[in-house]
Every structure is written in C-alpha cells, then in structure tokens.
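Undergrad: Note that the sequence shown covers residues 32 to 371 in this note's numbering. No residue lacks a Cβ here, since even glycine has one placed at the ideal position from N, Cα and C. Since the model is a prediction, treat every value here as computed from it, not as a measurement. Okay, handing you the structure first.
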Amino acid sequence: MIPRRLKQALSLAVRNRFPVLVVGPPGVGKSEIVAQVAAAEGFDLVLTHPVIADPTDYKGMPFVVEGRAEFLPFGDLRAIIEADRPTVCFMDDLGQAPAAVQAAAMQLLLARRVGGHAVSPEVTFVAATNRRQDRAGVQGILEPVKSRFVSILHLEPDVEDWCAWAAGQRLPHELTAFVRLRPELLTSFEPSRDMANSVSPRTVAHVGALLAAAGAPGNSDGSLPREVLAEMVAGAAGPAFAQEFMAFVRVYGLIPDPRAVLADPGAAAVPGEISALYALCLALAARAAPDNFPAFAAYAGRLPAEFSVLMMREAVLRDARLAEDPAFAAWAADHADVVL
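Put into structure tokens, the structure is as follows:
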C-alpha cells in the first residue's frame, strides 16, 4: 500500500475506532503518516514506545491509598484512560518489544482495559513495526496480538508520493529530478550489518538536508567542497547512490540557466539529453512563481508532452496558486489529451 492510500485507510480506521497495524521497512514514513492522519482528523496523539516499556507498566504503579494497596496508572497509560477528546494511541516499533510487553499490551487492544482500568472510548489504537527481514531487531509479533488488529496494512514507498512530499518540504530540486530519473533507487532498500546507510525515503531526504545546508552543488555559491559533499552523501544514502547522484549533478550543472530560460522562453534552448531536460524541468518548476508563470508556461509549451506535464505538475505542487493563472488554463487547453 503506497502512502496516499495508507492515509485513506488510516482515516477510515481512526474515524471508526478500528485498531490497525502498519508494517513496512525502516524509513518509509510510517510514523509520520500516522501523525499526519491524526492531525488531519482532529485527534490528539499519544506516542508510546513499547520497546522501552516493562510489562508491569500497563498495570500501574503500586501505591497505598487510604490504607489499601492500589495500582495507579501513570504516563501514557493515564493519558489514554483519562482522554476526553478523540485520541490516537500510537504504539511505535511494537515488533521490537519483548513478548511479555506485547502480551500486556494485548489487553489494551481488545479488552480495552488492564489492571482494572478501562481505556477511554475516545481512544483508537494504531501500531507500527518493521518487518523481520529488515534487521531492525524485530523477532515477530505474538499471534494473538496480531489478531487484535482489525487490519494489518503493509506500507511501501512510492516515487510520486515521495516527490510530492519533497516539494512540500522544499527539498532541493536537484534531488527530486534525480529521484524521478532513477525511481528504482528510492525503493532499493537492502538491510545490512555493515556500517553504511541503505537507500530509503528517509535517507534520501537526509541527502536533501545536506544539499540545502551545503549549498546546491550545481550552483557557484556552494560552500562545501564537492569531494566532501560526495562523502557525506555516501554516508547518508550509501556509496552506490552517492556515485550516481553526484554524476547526475555534473549533468545538472550543464543545463541552461533557468533564469535565462524564463527571461526569453521562446528562444531558450531545449536540451537534447534526457537527463539534462529532466533536470531543467525540475529547476524551472522550483522557480515558478505568479510573476514569471506566463514565461514558464510558454517554455513548457515547447517541450515534449511528458516533460511539459512534469514541469507543470511540479510547479503546481510547490505553489497551488499557479493553477489559477490564465496561462495555466491556456496550457491545459493545449494539452487536453494529457492527464496532469
């Protein structure tokens, strides 16, 4: 299930108080998507990490009350017992928790009570875990715990969803252009015991953070030596990713100046090299704004249909106001046979 569909599924589950389990490799956005859905639905979020809990935490803390021994709920347990508004209780990394902790949590998931304390009816349980093959310390989830979930949803990365997210996060367009050119790299996660990162949506986003901090490598004002940046990229997403990406950046540096293209869209050259044209489209989309959009649309109209659509889609993802510009309407009329 790709991220945008997982959001739809989680929204349904949360609204109907269905407990669900999200399964996927590290770094694909499980935790962030749960938080986004909770916020979108207007739910509070209680984040718990069973892997650092003790089985007895779910019973409460022993205390003498009026001469009698009682178990008083504390921390996250108290929060979900006393919740007085819609709340998602998110058990992150449940598969890494010891079996005894999973067994204790099992009572919360179905019976919705433990140690004589009832969970508030306002609470919906969502859990997430890596897979056993991810080498993330997951030994499995107890069978009766799994059956407590109404559905087990398997999340996988998607290039379109990641690029839309990256646009919203203002990650460097060089990186988005590369991911679109080599989409299989985003989904090539290979767990390893070596001291090297594997490629995942999370680690590729780390590359974007490095680029933003160092200065885009295709620009003359980059503040970090290229060889240093290359090693940092390798440390973020692995040597193979870094080698291909830095080679792509060299091509990216050869594309026409996007500012010159927008200054004279009718005369500006159209790169014949596919990778360079991809890079130019993403660079222009990153610079599209209401004041230059007519020129942007004019250049887009000169490109092959698939690249024209790429430019427009990325520009509108970054700034939705552009879809209201008359130049967009004119472009859409000329490309009525193409789905944006």
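Taking just the CA atoms, how far does E97 sit from D189?
TA: Cα-Cα distance, rounded: 58 Å.
Undergrad: Flag this pair as yes or no: are the beta carbons of H237 and A317 separated by less than 7 Å?
TA: Going by C-beta atoms, H237 is not nearer than 7 Å to A317.
Undergrad: Kindly indicate which residue of I305, V59, L173, P81 has the alpha-carbon position closest to the one of R213.
TA: Cα-wise, what sits closest to R213 is I305.
Undergrad: Nearest to P57 by CA position, among D192, H185, D75, is which residue?
TA: Checking every option, the nearest Cα to that of P57 belongs to H185.
Undergrad: Cutting at 7 Å between CB atoms, please list the residues of its own chain near R352, excluding the five before and the five after it.
TA: Once the five neighbours on either side are set aside, the close Cβ partners of R352 are P321.
Undergrad: Could you spell out where the beta strand (DSSP E) holding D75 opens and where it closes?
TA: 75-79 is the extent of the beta strand (DSSP E) around D75.
Undergrad: Report the residue ranges of all alpha helix (DSSP H) runs contained in full by the stretch 261-298; include only those spanning at least 4 residues, in chain order.
TA: You should have 270-283, 289-294.
Undergrad: Considering just the uninterrupted stretch of the beta strand (DSSP E) at P93, what are its terminal residues?
TA: Taken as a continuous stretch (DSSP letters only), the beta strand (DSSP E) holding P93 covers 92-96.
Undergrad: Since I believe L348 is in contact with N323 (beta carbons under 8 Å), could you give me their beta-carbon distance rounded to a whole number of angstroms?
TA: Wrong, their Cβ atoms sit about 17 Å apart, outside the cutoff.
Undergrad: Could you tell me if E113 is buried or exposed, where buried requires 16 or more neighbouring beta carbons within 10 angstroms of its beta carbon?
TA: The residue is exposed, with fewer than 16 neighbouring Cβ atoms inside 10 Å.
Undergrad: Would you check if the distance between the CB atom of V31 and the CB atom of K61 is smaller than 7 Å?
TA: Nothing can be reported for residue 31, as the shown portion of the chain is limited to 32 through 371.
Undergrad: Could you tell me which of P34, H80, Y283 sits nearest to L311, measuring between CA atoms?
TA: The candidate whose alpha carbon is nearest that of L311 is Y283.
Undergrad: Starting from the C-beta of A331, find all residues in its chain whose C-beta is less than 7 Å away, skip the five residues before and the five after it, and write them out in chain order.
TA: S339, M342, M343, W362, listed in sequence order.
Undergrad: Thinking H80 and D115 are a contact (beta carbons under 8 Å), I'd like their distance in whole angstroms, please.
TA: At roughly 24 Å, the Cβ-Cβ gap does not stay under 8 Å, so H80 and D115 are not in contact.
Undergrad: Would you list the residues sitting across from M122 in a DSSP beta bridge?
TA: Answer is T79, A158, bridged to M122.
Undergrad: Tell me the residue span of the alpha helix (DSSP H) that contains E174.
TA: It spans 174-177 - the alpha helix (DSSP H) in which E174 sits, taken as one unbroken run.
Undergrad: Between which two residues does the alpha helix (DSSP H) containing I112 stretch?
TA: Note, I112: alpha helix (DSSP H), 106-113.
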